[in-house]
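In our numbering, the protein residues as written are 4 to 393. Report on the structure given below.
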């Protein structure tokens, strides 16, 4: 028996060929379904995000990569009949009609909007109660504090952030008049089982990421804020392969710029194509679970603001029983670190952390899974979120 109807806005169609983002967005949908709710997933695609197969941005939706990608995800996760892709003006692009979505939106107990991906004002207006989930802490608060309108955040009754330090003395980020409640990125643990140690016998740290990138609201340069990119943060740990004697691999999106690849390879890194190894949900999960551990840096906006941001990708490494050695954004204040999950601020700390994982891998990988079960289990996180939001 259903516990009620929830409307979840999450964009997957905007990121064709990105298996990691598909897992991130759909975990909210899948997690609420696992709790026994009927869930209507609404993906909204902006017209400027539409891309033709030739790779040229198009004015219009015909022959877009985004629509078949959305439909492949719907089929992969068994969401036919409970998913809709709409355009920026509310036109129906795939799945359920927008008229059906509007009716359901008025009947649903709650509209849950991770990242504010669902922007349609009429749909948000009809919702009985709406919840915004800030998944880019730092970017969100700084844009709000600039005084400029942030359409993603508008018209919500309750506001959560995965930046667990926001609103505490641990971070200087301005709350901007919003009462921020705290949550984490959920992982449906049944979809991410503990993987055997035999999956990869060779010590190989991996990660998936982009050399350059911005928050969802646009470059912070526009409001007088400048932070380092993920690529800039990687420059500070270039020598870790040589310092540790271990293998480090990154599935890196460089947007056609070969210079970062050459730089990393010259320092002993292996660089692979993220679309080839992690371009759909199945291959992304296989890549994570065939890894030995994760090593990753974070965007400067997360690090410098001490927001407490924590990657949903890293949570999936942990769930798979893969230890994670990741740059501290302030999450060490709220998550258990030191075993299974190790935080670093400097290259020396990263080198030490890699050595600790290598010295007792079995203990670290079992602790990694335990942290996922205690801190990222969708059942626990989403139950708590609903209790707090209602």
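No residue lacks a Cβ here, since even glycine has one placed at the ideal position from N, Cα and C.
Looking only at 392, 16, 151, 26, the smallest Cα-Cα distance to residue 288 is reached by 26.
Residue 108 counts as buried, since no fewer than 16 other beta carbons sit within 10 angstroms of its beta carbon. By alpha-carbon distance to residue 328, the top candidate from 271, 175, 155, 240 is 240. The shortest C-alpha to C-alpha distance from residue 171 to any of 114, 310, 45 is the one to 310. Here the region 13-26 makes contact with the region 115-127; the two share three or more CB pairs at distances below 8 Å.
Fully contained in the region 293-360 are the following beta strand (DSSP E) runs of length 3 or more, in chain order: 296-299, 327-330, 344-347. In the three-state scheme derived from DSSP, where H, G and I count as helix and E and B as strand, residue 42 is classed as strand.
Taking every protein chain shown into account, the CB of residue 139 has 16 or more other CB atoms within 10 angstroms, so this residue is buried.
For residue 138, there is no enclosing alpha helix (DSSP H), since its DSSP letter is neither H nor E. Here residue 326 really is in contact with residue 368; their C-beta atoms are around 6 Å apart, less than 8 Å. Taken through DSSP and simplified to helix, strand or coil, residue 87 comes out as strand. By the 16-neighbour rule on beta-carbons within 10 angstroms, residue 100 is exposed.
In this model, residue 5 and residue 189 are separated by some 21 Å (Cα to Cα).
Relative to residue 73, the option among 384, 91, 94, 44 whose CA is nearest is 44. Excluding five sequence positions before and after residue 96, the CB atoms of its chain that fall closer than 7 Å to its own CB belong to 48, 64, 70, 88, 89, 90, given in chain order.
If you look at residue 22, you'll find it isn't in any beta strand (DSSP E); it sits in the alpha helix (DSSP H) that goes 22-37. The beta carbon of residue 215 sits closer than 7 Å to those of 232, 234, 258, all from its chain and outside the five residues before and after it, given in chain order.
In this structure residue 285 is exposed. Its beta-carbon is surrounded by fewer than 16 other beta-carbon atoms within 10 angstroms.
With fewer than 16 other Cβ atoms inside 10 Å of its own Cβ, residue 339 counts as exposed. Separation of the CB atoms of residue 343 and residue 373 is rounded to 7 Å, and the pair is thereby assigned contact status at 8 Å. Secondary structure at residue 153: coil, using DSSP grouped into helix, strand and coil. Secondary structure at residue 253: strand, using DSSP grouped into helix, strand and coil. Residue 209 has 297 as its beta-bridge partners, per DSSP. When only Cα atoms are considered, residue 86 and residue 103 end up about 10 Å apart. Judged by their CB atoms, residue 242 and residue 350 are nearer to each other than the 8 Å cut-off.
Residue 72: member of the alpha helix (DSSP H) spanning 69-79, first to last residue. Shown here, residue 162 sits in a strand according to DSSP, grouped into three states.
In this model, residue 196 and residue 175 are separated by some 37 Å (Cα to Cα). Scanning 198, 110, 306 for the CA closest to the CA of residue 173 turns up 306. Boundaries around residue 114 are those of the beta strand (DSSP E), 113-117, since no alpha helix (DSSP H) includes it. About 7 Å separates the beta carbon of residue 137 from that of residue 165, a gap short enough to meet the 8 Å contact definition. Sequence-distant Cβ neighbours of residue 35 in its own chain, meaning closer than 7 Å and more than five residues away, are 9, 11, 42, 385.
According to the DSSP assignment, residue 105 belongs to the alpha helix (DSSP H) that extends over 101-110. When DSSP states are grouped into helix, strand and coil, residue 188 belongs to the coil group.
Burial is judged here by how many other beta carbons sit within 10 angstroms of a residue's own beta carbon; residue 268 has fewer than 16 and is exposed.
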